[in-house]
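Engineer: Chains A and B supply the protein sequences, listed in that same order. Going by the working numbering, the first sequence wraps up at 1309, each residue one higher than the last. Going by the working numbering, the second sequence wraps up at 353, each residue one higher than the last. Provided herewith is a single structure, encoded as structure tokens, for subsequent inquiry.
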Amino acid sequence: MSVAGEERKLVEMAWDPVTRIIGNLGIYTKIDFKNREVVECRSTSSLFRGYSVFMKGKDPRDAGFITSRICGICGDNHTTCSIYAQNMAYGIKNPVLAEYIVNLGEAAEYMFDHAIFQDNLVFVDFCERMVKETNPSLLEKAERTPAPHAHIHGFRTIADLMRSFNPFVGETYREALQMSRLTREMFCLMEGRHVHPSTLYPGGVGTVASPQVFTDYQSRLLEFMDFVKRMVPMNDDVFDFFYEALPGYEEVGRRRVMLGCWGAFQDPDVVDYRYEHMTDWGRAMYVTPGIVLDGELITTDLVEINLGMRILLGSSYYDDWEEEEMFVERDPLGNPVHRRHPWNQTTLPRPQKRDLEGGNYSWVMSPRWYQQQTGDHLALDTGGGPLARLWSTALAGLVDTPWVTATGHSVKIRLPRSRRFPETELEWKIPRWANTLERDRARAYFVAYAAAMAVHFLARALDRVQQGDVKVFQEFAVPDEAIGCGFHEAVRGVLSHHLVIRDGKIANYHPYPPTPWNASPRDSFGTPGPYEDACQGLPIFEENGEADFKGIDIMRTVRSFDPCLPCGVHMYSGKAKILERRHSPMLGSFSPPGDRRHP
Amino acid sequence: MAEAVSELHILWISEGMSCDGDTVSVTAGTQPTLEDLVLGLVPGIPRIHLHNKVLAYETGEDFVEWFRKADRDELGPFVLVIEGSIPNEQINGDGFWTSFGSDPETGQPITINEWIDRLAPKAWGVVAVGTCATYGGIHAMAGNPTGCMGLADYLGWDFRSAGGLPIVNVPGCPVQPDNFMETLHWLLRQAAGNAPVIPLDAQLRPTWLFGKTVHEGCDRAGYYEQADFAGNYNSPKCQVRIGCWGPVVNCNVPKRGWMKGVGGCPNVGGICIGCTMPGFPDKFMPFMDMPPGAQFSSQMIAPYGQLLRRMRALTNSTVDREPSWHHNEPELTSGYDPRWGNER
């Protein structure tokens, strides 16, 4: 949509902080209102805490407890990933039952987190109150458009659906908050506490594997099933309406299909946490790891994925580590490990002024994946998590359980009979685009995926417990020298932990959560990070002009990635000085209904 | 006491050195729920306007504007909630560790420290939520690069808000959802003139929440009494010998559970790592080793506990059997006598 050879009037607009996400994120864009296009955008984060710095010299067994504190919504993903990495370093595996307990906990985390993020944070951008402010004519159309799945979810028109998303007063909004509590109870049954778990240890869990803990989980899962079966068609109705009512909306947030997924849910019968076997146990995971490039699955091999990781600087507040010590020259299979790989990274913070004029502007580094065949440093994104997970799993065609099956072109999800609905099969099909709406839609389907897998894990766990297996923990000793790596899917996408132990202490530890991938700034090659990339060239559909512009299409795009900034962002636009800075009208936050304050 | 307040804003800044986990945790609360509070369903409190980044309808400058209004004295009474530890911004030259919004003049980020300097003295009350904001927490660990600290370390332990209150600390990593909601509920009743001043201990914690130890509320403490200790994490017994600090940690989680009585820490198999304490984390690390004190006390109690266990086992075997007159024989041996007290 570029407008060549024409003088463009650009307006700089800032959203800082971006709300309804986790962490510190600001967006600075340059917009061509005449041609209704976002021309430039950068991404930066304004928070540095220094985990990789202060973990040095600590007892490696503490890593799972400490790294949970990186993230306040999916901290358990970090603990789990840390345990995967530690198990590799200690040469142990979790007892089978412990692995099911972790899988059940992580499934509950996906259900909770995706549901609260989608229904209480993302959908506010699609709610009646918001759409009325940004696209009144769209709302009018929504009022006249019957919801195709009304017979399932009970909302007659699309506008009725949108009303149910209105914050604090809408029916879906409030139901989702309740469901987020129910699923967190399920989580607490397995992992003790949300969001920083108490019962996870390297070598297993401390959860008491009595039948009670599983029947407690089961009764809640049954209750949740009715909600999932309504939620997925609600999502389909809203997103299909957007495509139909706003032709061209598929271009919003669209980016080259360049997705990474690091796999989730270990198969306890296969995983031994040995690096030498990582390719095999990686492929046995119940969410298949993989990199999808232009719609093609280029690898499902965790060893290859691991070795391709590169951490670049370019626009971040750190000194380079080119001259620093190499911790791992070769992996346990003898492959050379690059200097810019997390195993060999030394984090050297250098606080400085934010320089949006071609200098450094972010506390986030720029993780990239090096594709050997082309020599490209790919700025992979996670599609907010679910899009990459479903895409990779679908193409690989490896997952085959009674409840979830990957077909090679889709993922079939079977949900058992529940109180209100019969057994239901959902099918997520590979979409035509990696864009804002498909990132959001995939999230709803992945809630169903997690619920269906939970049914599977629960059956397996109960089988073992009722046959008398109660072993949940494997003893171990911390070696003097060892390395480890863990790969997992945080709720919002790829998560890796790389660990080096020397003299029985942590010599190096580098977690790479999804947000550094998604929110990274321009790297040393000048390649923009995924948020920047997805926003540049974004067509604007908002009906408001410059004066009362809310940036809703940009906000939807950024939120579609499920930003979790304790792992890092800020967005910024180009060089021109701020011509005008506009803010939308104030609206009372969470006042009682009918009470709008216009200061 | 200050004048009763009928309408109150809650300005919540989670941009300290935090993970936003306390905000997320609070959405799990049910005593009361956040939505009941915001929708005005809870009696005896002022009308509430909540401004929290994770839940806000507005974004960007529209959101920051509420905080700017408070700074300009245009907002009316407000409670300032701080989440995350406060970095030392005096050690990083032109840079910054964390910020919230930008300065319209310079385009540079506004540090959290600056916001606190501006808003804390004007707030009716100031609440620190979670262990980072209360006592520094995980990000203030030895070896940290940011020099961060708790809010009271930054503002001074004798700080008083415009409403005449000290900082109210609700620690926990993250905060137990209902510990926070209950504290807020008290403060709101107090603001409305319906409750006395919130009772706080020397560490500025609500006394009714943090006055007891983990151990005092733990359902595994009975094992301790009998000197019956878990040797690894497979065991459902007392975990003091495998890293639990429960006997010396002020926290009610094993008693209260994590949500609606579900979950917790040592009560469900997770060692207490002292996450509510001013000494967290350094004084409790390495977490999975036996605390030095437990080495001593768990040995001291061994002779007593083992004797007790044997005697209780004896009694247990007696009470574990039904009385002899429960039988299906032709003769009644229950001692039946319709006229009680008559010697035969």
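Where a beta carbon is used, it is the ideal one built from N, C-alpha and C, also for glycine.
So who's on the other strand from cysteine 1274(A), going by DSSP bridges?
Structural biologist: Ile732(A)
Engineer: Does the stretch 910–919 of chain A come close enough to the stretch 274–285 of chain B that 3 or more CB-CB pairs lie under 8 Å?
Structural biologist: yes
Engineer: Report all residues from its chain with a CB closer than 6 Å to the CB of valine 135(B); omit the five preceding and five following residues, and keep chain order.
Structural biologist: Non-local C-beta neighbours of valine 135(B) in its own chain, meaning closer than 6 Å and more than five positions away in sequence, comprise Leu89, Ala129, Ser170, Ile176, ordered along the chain.
Engineer: Residues of chain B with a CB under 7 Å from the CB of proline 1059(A): which are they?
Structural biologist: Pro154
Engineer: Note down, in chain order, every chain B residue with its Cβ under 7 Å from the Cβ of tyrosine 1027(A).
Structural biologist: Gly104
Engineer: Any C-beta of chain A sitting closer than 7 Å to the C-beta of aspartate 29(B)?
Structural biologist: yes
Engineer: When the Cα atoms are used, what is the spatial distance from lysine 1285(A) to histidine 987(A)?
Structural biologist: Low confidence applies here, because lysine 1285(A) scores a pLDDT of 28, under 50, leaving its location unreliable and the question unanswered by this model.
Engineer: May I ask you to list the residues that DSSP assigns as paired with valine 138(B)?
Structural biologist: Under DSSP, the beta-bridge partners assigned to valine 138(B) are Glu92(B), Val179(B).
Engineer: Residues of the stretch 259–273 of chain B with a CB closer than 7 Å to any CB of chain A: list them in chain order, please.
Structural biologist: Trp267, Met268, Lys269, Val271, Gly272, Gly273
Engineer: For a contact defined as C-beta to C-beta under 7 Å, what are the partners of alanine 79(B) on chain A?
Structural biologist: Within 7 Å Cβ-Cβ: nothing; alanine 79(B) doesn't reach chain A, min ~12 Å.
Engineer: How would you write the range of the alpha helix (DSSP H) that arginine 1149(A) sits in, first residue to last?
Structural biologist: 1146–1176
Engineer: Am I right that tyrosine 1219(A) and asparagine 1228(A) are in contact with their C-beta atoms under 8 Å? What's the rounded C-beta distance?
Structural biologist: No, tyrosine 1219(A) and asparagine 1228(A) are not in contact; Cβ-Cβ is about 22 Å, not under 8 Å.
Engineer: Does proline 41(B) get closer than 7 Å to chain A when you measure Cβ to Cβ?
Structural biologist: So, not an interface residue.
Engineer: Using 7 Å as the limit for Cβ to Cβ distance, is methionine 190(B) near chain A?
Structural biologist: no
Engineer: State the CB to CB distance for the pair phenylalanine 87(B) and histidine 18(B), rounded to an integer number of angstroms; the pair is presumed to be in contact (CB under 8 Å).
Structural biologist: Yes, they are in contact, since the Cβ atoms of phenylalanine 87(B) and histidine 18(B) sit about 4 Å apart, within 8 Å.
Engineer: Mind checking whether histidine 1208(A) and proline 1052(A) have CB atoms under 7 Å apart?
Structural biologist: yes
Engineer: Under a three-way DSSP split, which group does valine 206(B) fall into?
Structural biologist: coil
Engineer: Does isoleucine 22(B) have its Cβ less than 7 Å from a Cβ in chain A?
Structural biologist: no
Engineer: In whole angstroms, what is the alpha-carbon distance linking tyrosine 1243(A) and glutamine 117(B)?
Structural biologist: Checking the displayed sequence, the identity of residue 1243(A) turns out to be aspartate instead of tyrosine. C-alpha separation (whole angstroms): 24 Å.
Engineer: Where does methionine 294(B) sit, in a helix, a strand or coil, going by DSSP?
Structural biologist: coil
Engineer: Which residue's Cα is closest to the Cα of tryptophan 1138(A): Phe1235(A), Asn945(A), Cys1274(A), Tyr953(A)?
Structural biologist: Asn945(A)
Engineer: Taking the alpha helix (DSSP H) that proline 263(B) belongs to, which residues open and close that run?
Structural biologist: 262–265
Engineer: So serine 111(B) contacts chain A; which residues on that side make the cut at Cβ distance below 8 Å?
Structural biologist: Ala724, Asp726, Gly736
Engineer: Taking any Cβ of chain A, which residues in the stretch 190–209 of chain B have a Cβ under 7 Å from it, in chain order?
Structural biologist: none
Engineer: With DSSP as the reference, label proline 846(A) as helix, strand or coil.
Structural biologist: helix
Engineer: Count the other C-beta atoms from every protein chain shown that fall within 10 angstroms of the C-beta of valine 980(A), then say buried if there are 16 or more, exposed otherwise.
Structural biologist: Valine 980(A) should be labelled exposed.
Engineer: Quick check: is the beta carbon of glycine 3(B) nearer than 7 Å to any beta carbon in chain A?
Structural biologist: Residue 3(B) lies beyond the residue range present for chain B, which begins at 10 and ends at 353; the question has no answer from this structure.
Engineer: Can you check whether the CB of glycine 1069(A) is closer than 7 Å to the CB of cysteine 791(A)?
Structural biologist: Using a Cβ distance threshold of 7 Å, cysteine 791(A) and glycine 1069(A) do not count as a contacting pair.
Engineer: Would you give the residue range spanned by the beta strand (DSSP E) that glutamine 1081(A) belongs to?
Structural biologist: 1076–1081
Engineer: Is the beta carbon of alanine 65(B) less than 7 Å from the beta carbon of phenylalanine 76(B)?
Structural biologist: no
Engineer: Could one say the Cβ of methionine 150(B) lies closer than 7 Å to chain A's Cβ atoms, at least one of them?
Structural biologist: yes
Engineer: Check histidine 1280(A) in the structure and name its three-state DSSP category.
Structural biologist: Annotation note: pLDDT 29 at histidine 1280(A) (below 50); position unreliable, coordinate value reported separately. Coil at histidine 1280(A), not helix or strand.
Engineer: Smallest Cα separation from lysine 740(A): which of Pro921(A), Asp1272(A), Thr1267(A), Gln1246(A)?
Structural biologist: Gln1246(A)
Engineer: Short of 9 Å Cβ to Cβ, which residues in the stretch 289–310 of chain B face chain A?
Structural biologist: Pro290, Met294, Pro295, Phe296, Met297, Asp298
Engineer: Where do the ends of the alpha helix (DSSP H) carrying glycine 314(B) lie?
Structural biologist: 311–328
Engineer: Could you check whether the Cβ of valine 832(A) sits closer than 7 Å to any Cβ belonging to chain B?
Structural biologist: no
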